[in-house]
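Data block below; observations after.
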Amino acid sequence: MSLNVPSRRLLKSAPSSANALVPALQSLSINTRSIHTTPSQQWSLFGWGKQKVEERNKVKEELKQSELARTRKPTQEEIFERVRGRLEGDSIFADTTPSSELAAEQDKHKDWATASAEKKLAAAHAKDQTPTGISLKKDHLVRVVDPDPRSRVRWERKMVIRKLQRGTDPWSVEPKAERIARTERKLVYKTGYLPTSVKKLVHLSRQIRGKTVSEALVQMQFSKKKMAKEVKTELLRAEAKAIVTRGMGLGKAAAAAQKETGAEPVKIQTKDGKYLEIRDPTRIYVAETFVNKGFIRGVELDYRARGRVFKMNKPTTTMTVVLKEEKTRIREHQERVAKKLRQGPWVHLPDRPVTSQRQFYSW
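Each step along the sequence shown adds one to the number in my numbering, with nothing skipped, and position 187 is 189.
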């Protein structure tokens, strides 16, 4: 149920002064429940949650004492003892001076640790190993650079047997590739990335191919190409590397040091049909040259009509140079001459066996 009464009637029926409301308030305060003033710990269910007052006060007292001890300022004697302990201790960072008992205990532990370490080290040396258990034997240390010695020994034995068989067998012939690698020298040198294209650098590489290093340097010195200076610099580096690392081009210097006359000049014909006269078999020449593409070092925009834009890549190119001695050209010339002699004269109608005999002409 609800009661709907206009607010004007309530205002008219209300008392005119606040004194008239006192009896009503007093009756309301008498009928209401009184407020509990007992601690919350005393309220429990079947005795649960009870705590003795003495224990609670004891805990509070301990917390208070610890708080006072933490916030209390140290006395002058305590400060003096602390400073003296820092000066007399093993380290300047020590907070307090260790007692005599603690110092004796520490010395005891140090002596025990030192003795045990010495014993371990002596045992390790006696067993040829480190205290951590790593072996110090020579055979074991070799495994670092020779992880599979059995396979290595087996391969070495196989190579020795093969070499002896080829050397003692009258029908055995040294392979051509091995003989060339043993008697001739060469160097493969690759330049850095040059800021040019393959189409431009390939002409310079063809220009120096087949020439001696000195002739190639002269060609690059008087060339109008922009990359000619770079190619000349790379040729000088390749020649220096060939002399130092391969010992190429030292025949004339060795003959002059031993006061010997140089070898007689040899006339040969290259595979291109050119005739050469070689006085120093150790002279370095450019046997092969080829170029390769590199990375794109940049992009340039080419603005065209009707709002079109093209990308122009800025390429890089490397050039590889193969340097050899004149001994190689002499050998190649001799091989060509020997092959020509083996072939014999050209015959217009050589003798061939008759094959596929049929009665074709008898039809």
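For each residue, glycine too, the CB sits at the ideal point set by N, CA and C.
A straight line joining the alpha-carbon of residue 217 with that of residue 210 spans about 8 Å. Between the C-alpha atoms of residue 164 and residue 152 there is a straight-line separation of about 18 Å. The C-beta distance from residue 280 to residue 328 rounds to 5 Å, short enough to meet the 8 Å contact threshold. In this chain, the beta strand (DSSP E) harbouring residue 271 covers 268 to 271.
DSSP places residue 329 within a helical segment (H, G or I) once states are collapsed to three. Going by beta carbons, residue 318 and residue 192 fall outside the 7 Å limit. Collapsing the DSSP output to three states places residue 275 in coil.
In terms of Cβ geometry, residue 219 and residue 196 do not form a close pair [threshold 7 Å].
Out of 316, 324 and 337, the CA that lies nearest to the CA of residue 286 is found in 324.
When 301, 161 and 231 are compared, the shortest CA-CA separation from residue 207 is found for 231.
Beta-carbon to beta-carbon, residue 284 and residue 251 are separated by about 5 Å, close enough to satisfy the 8 Å threshold. If you ignore the 5 residues before and after residue 234, its C-beta comes within less than 7 Å of the C-beta of 219, 222 and 223, all in its own chain and listed in chain order.
Straight through space, the alpha carbons of residue 190 and residue 315 are spaced by roughly 29 Å. Straight across, the Cα-Cα distance linking residue 359 with residue 347 is about 29 Å. Taking the C-beta atoms as reference points, residue 229 is found nearer than 7 Å to residue 198. At the C-beta level, residue 288 and residue 227 stay beyond 7 Å of one another. Residue 286: member of the beta strand (DSSP E) spanning 286 to 295, first to last residue. Taken in chain order, the complete beta strand (DSSP E) segments of 3 or more residues contained in the region 182 to 258 are 188 to 192.
Spatial neighbours of residue 138 in its own chain (CB-CB distance under 7 Å, excluding positions within 5 residues in sequence) are listed in chain order as 130, 131 and 132. The beta-carbon distance between residue 332 and residue 268, rounded to whole angstroms, is 6 Å. This is short enough to meet the 8 Å contact definition. Residue 82 carries a helical assignment under DSSP once its states are collapsed to helix, strand and coil. Per DSSP, the continuous beta strand (DSSP E) segment holding residue 303 begins and ends at 300 to 305. Partner residues in the beta bridge of residue 314, as assigned by DSSP, are 302.
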